[in-house]
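Enquirer: Got a structure here, written out as structure tokens. Questions coming.
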Amino acid sequence: DVVMTQSPLSLPVTLGQPASISCRSSQSLVYSDGNTYLNWFQQRPGQSPGRLIYKVSNRDSGVPDRFSGSGSGTDFTLKISRVEAEDVGVYYCMQGTHWPRTFGQGTKLEI
Amino acid sequence: EVQLVESGGGLVQPGGSLRISCAASGFAFRSHMMHWVRQAPGKGLVWVSHITTYGSETAYADSVKGRFTISRDDARNTLYLQMNSLRAEDSAVYFCTKDDYGSFDYWGQGTLVTVSS
């Protein structure tokens, strides 16, 4: 199985400051169709996960533009340009290139 | 509006069985692969199983293979997970998710399964 490794696992941040989460995969996530199926999900306290980013850098509808995704191959990053209080929660990367689908351990973002 | 509503969770003894369901609406259910993902208390997300359109193919995580069975009823827009020989380590919130080709674009609110004597 592809192992997804996130860092840091805990991310204390200050409101209005940037934040960055790293996600590394044990194998390349480039699929045979040329796409890279790397996703980011946000799970707010007490809620189910919601998708933020798909195919490395595509924001879902309604996701604020302070969230951005980047990376290639095996190395990916989620950035929040200016953290707001509503961003508190756990962030997961997930690869959708290989079976079975696998998630990172999660990064807990706290103010 | 896409909605996924899980139900059927509860307390079950080790070795027991439970069937959980996911009622889907707001999209063409029969045209989409569907998944179950679980989250043990205080832990991360783990993919459990998927079923392709028409139920033609299924797949399972090694930890549940041979014990869990995923199925779908396209006439009822409902996804199921039959869980047998339950163990304490199966205790988790179970989410159903809609496949979006390499991603999961919609998630239900989850149903809690607790395996304990």
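Respectively, the protein sequence lines represent chains W and X. Numbers 1390 to 1500, taken from our numbering, label the letters of the first sequence in order. Numbers 2 to 118, taken from our numbering, label the letters of the second sequence in order. Positions of the beta carbon are idealized from the N, C-alpha and C atoms, including for glycine.
Quick one: is Gly1435 (chain W) near chain X, going by C-beta distance under 8 angstroms?
Expert: no
Enquirer: Near Pro1438 (chain W), what residues of its chain come up, given a Cβ to Cβ distance below 8 angstroms and the 5 sequence neighbours on each side ignored?
Expert: Phe1430, Gln1431, Gln1432, Tyr1481
Enquirer: Is the CB-CB distance between Ser86 (chain X) and Thr115 (chain X) below 8 angstroms?
Expert: no
Enquirer: Going by C-alpha distance, which of W:Thr1394, W:Pro1407, W:Tyr1420, W:Asp1422 is nearest Ser1414 (chain W)?
Expert: W:Thr1394
Enquirer: Are any of the Cβ atoms in chain W nearer than 8 angstroms to that of Ser8 (chain X)?
Expert: no
Enquirer: Starting from the C-beta of Glu2 (chain X), find all residues in its chain whose C-beta is less than 6 angstroms away, skip the five residues before and the five after it, and write them out in chain order.
Expert: Gly27
Enquirer: Below 8 angstroms CB to CB, which residues in the same chain sit around Ser130 (chain X) once its five sequence neighbours on both sides are set aside?
Expert: Here chain X covers residues 2 to 118 and nothing more, so residue 130 (chain X) does not appear.
Enquirer: What three-state label does DSSP hand Ala29 (chain X) in the structure shown?
Expert: coil
Enquirer: Measure from the alpha carbon of Thr1425 (chain W) to the alpha carbon of each residue in W:Leu1498, W:Gly1462, W:Gly1435, then state which is nearest.
Expert: W:Gly1462
Enquirer: Taking C-beta pairs closer than 7 angstroms, name the residues in chain X that Tyr1480 (chain W) reaches, listed in chain order.
Expert: Under the 7 angstroms cutoff, chain X gives no residues; its nearest Cβ is about 11 angstroms from Tyr1480 (chain W).
Enquirer: Are the Cβ atoms of Phe105 (chain X) and Arg1440 (chain W) separated by less than 8 angstroms?
Expert: yes
Enquirer: Where Arg68 (chain X) and Met84 (chain X) are concerned, what is the direct C-alpha to C-alpha distance, given to the nearest angstrom?
Expert: Each residue's Cα considered, the two are about 6 angstroms apart.
Enquirer: Taking the straight line between their C-alpha atoms, what separation do you get for Lys1492 (chain W) and Arg77 (chain X)?
Expert: The sequence as given places Phe at residue 1492 (chain W); Lys does not occur at that position. About 30 angstroms.
Enquirer: So with Cβ pairs under 8 angstroms, would you call Leu82 (chain X) a contact of chain W?
Expert: no
Enquirer: Bridge partners of Glu1499 (chain W), per DSSP?
Expert: W:Pro1401
Enquirer: Under 7 angstroms Cβ-Cβ, which residues of chain X neighbour Arg1490 (chain W)?
Expert: Trp48
Enquirer: Under 8 angstroms, Cβ to Cβ, is there at least one residue of chain W near Trp37 (chain X)?
Expert: Contact of Trp37 (chain X) with chain W is not assigned, every C-beta pair being separated by 8 angstroms or more.
Enquirer: Helix, strand or coil: how does DSSP classify Ala62 (chain X) here?
Expert: coil
Enquirer: For Val38 (chain X), does the count of other Cβ atoms within 10 angstroms reach 16, so buried, or fall short, so exposed?
Expert: buried
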